[in-house]
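FYI, the numbering for the sequence shown is 2 to 216, going by this note's numbering. Here is the structure we will look at, set down as structure tokens.
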Amino acid sequence: MGIVGPNGAGKSTLIKAMLGLVKPLTGNVEFFGQPVAKMRQRVGYMPQSTSVDWDFPTTVIDVVTMGTYGSLGLFRRPRAKHRALAYDALEQTGMAELARRQIGELSGGQRQRVFLARALVQQPDLYFLDEPFQGIDARSQQSMVEVLRALQASGKTIVIVHHDLATLADYCDHVTLLNRRIVAHGAVEDVFTRDNIRTTYDVTDDSAAFLESIR
2 MGIVGPNGAG KSTLIKAMLG LVKPLTGNVE FFGQPVAKMR QRVGYMPQST SVDWDFPTTV
62 IDVVTMGTYG SLGLFRRPRA KHRALAYDAL EQTGMAELAR RQIGELSGGQ RQRVFLARAL
122 VQQPDLYFLD EPFQGIDARS QQSMVEVLRA LQASGKTIVI VHHDLATLAD YCDHVTLLNR
182 RIVAHGAVED VFTRDNIRTT YDVTDDSAAF LESIR
């Protein structure tokens, strides 16, 4: 499922509220019928690249291994089996050859693939990805899309904050249009209409018609 809307619409905030990273003003969040606090091990999160300190001195394999910490318990350190899971996740994203590289030495696309691997190593049932394709090269984007499609085919649920309306229908089967409130939600072909686009992006009818036509 894709979440789309203009800058400042609240897309990232919505995801963070659902994950319990920020407190909702009202209501409760449940996954699989349970409060989010009890379901953290079944939920994977890939934050925006702009929210990460890429100068922190750590290797690719260490970054991915951090994804196993939630299942370790307090004061326990990763073991060989956890490192093996991390390497497997790097294999899936095509980054295993760079496992010993410093994270700050990688390109933007490579970094995103590493953080996707960190989400994979958690082995969750539900993935939240915040702008995973922003500012990356075509090769990295294609590699990540292939991994995500394989996850979807295996029964996993994937929620993506996305900005490229031209690829929305290719990457997502459902979409939420957001602009400080949910304008519409449903199958892409039903929701991505001229009226909904005009309301979401506050554009003219001609602009909405153009945006509708590019999907």
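Where is the CB? At the ideal position from N, CA and C, for every residue including glycine.
Tell me which residues share the same chain as residue i and place their Cβ nearer than 6 Å to its Cβ, disregarding the 5 neighbours each side in the sequence.
i, result
"His164", "none"
"Leu130", "Met47, Ile161"
"Val192", "Val176, Ala185"
"Lys17", "Val23"
"Leu86", "Val122"
"Arg102", "Val61"
Along the chain, where does the beta strand (DSSP E) that runs through residue i open and close?
i, result
"Val162", "158-162"
"Thr69", "From DSSP, Thr69 is part of no beta strand (DSSP E); its letter is neither H nor E."
"Val222", "Residue 222 is absent from the model: the chain starts at 2 and stops at 216."
"Ala139", "From DSSP, Ala139 is part of no beta strand (DSSP E) but of the alpha helix (DSSP H) over 139-154."
"Asp126", "Premise fails: Asp126 is in no beta strand (DSSP E) and is neither H nor E."
"Ile198", "Segment 195-202 is the alpha helix (DSSP H) holding Ile198; no beta strand (DSSP E) there."
"Ile219", "A query on residue 219 cannot be resolved here, the shown segment of the chain reaching from 2 to 216 and no further."
For residue i, which residues of its own chain have a beta-carbon under 7 Å away from its beta-carbon, when the five flanking residues on both sides are left out?
i, result
"Gly6", "Lys12, Leu178, Leu179, Asn180, Thr201"
"Val148", "Gln93, Thr94, Leu117"
"Arg199", "Asp206, Ala209"
"His83", "Thr66, Thr69"
"Arg119", "Val64, Val65, Met67, Gly68"
"Ala219", "Any answer about residue 219 is impossible in this case: the structure gives the chain only from 2 up to 216."
Can the beta-carbon of residue i be found closer than 7 Å to that of residue j?
i, j, result
"Ile104", "Val61", "yes"
"Ser144", "Gly68", "no"
"Leu127", "Ala90", "no"
"Leu166", "Gly3", "no"
Taking residue i as part of the alpha helix (DSSP H), name the residues at either end of that continuous run.
i, result
"Ala110", "A quick correction: the sequence has Gly, not Ala, at residue 110. 109-122 is the extent of the alpha helix (DSSP H) around Gly110."
"Ala170", "169-172"
"Val189", "189-192"
Leaving out the 5 sequence neighbours to the left and right, which residues in its chain are closer than 8 Å to residue i when beta-carbon positions are compared?
i, result
"Val53", "Arg112, Phe116"
"Ser50", "Gly109, Arg112, Gln113, Phe116, Glu132, Gln135, Gly136"
"Val37", "Met19, Leu20, Gly21, Val30, Glu31, Val44"
"Asp57", "Looking at the sequence shown, residue 57 is not Asp but Phe. Excluding residues within five positions, the ones whose Cβ falls inside 8 Å are Ile104, Gly105."
"Thr158", "Met2, Asp126, Leu127, Tyr128"
"Leu15", "Ile4, Leu179"
"Gln142", "Gly110, Phe134"
### Message
For a minimum of 4 consecutive residues, which ranges assigned as the alpha helix (DSSP H) are wholly contained in the region 11-92?
### Response
Taking only runs of at least 4 residues, the alpha helix (DSSP H) segments lying wholly in the region 11-92 are 12-20, 61-66.
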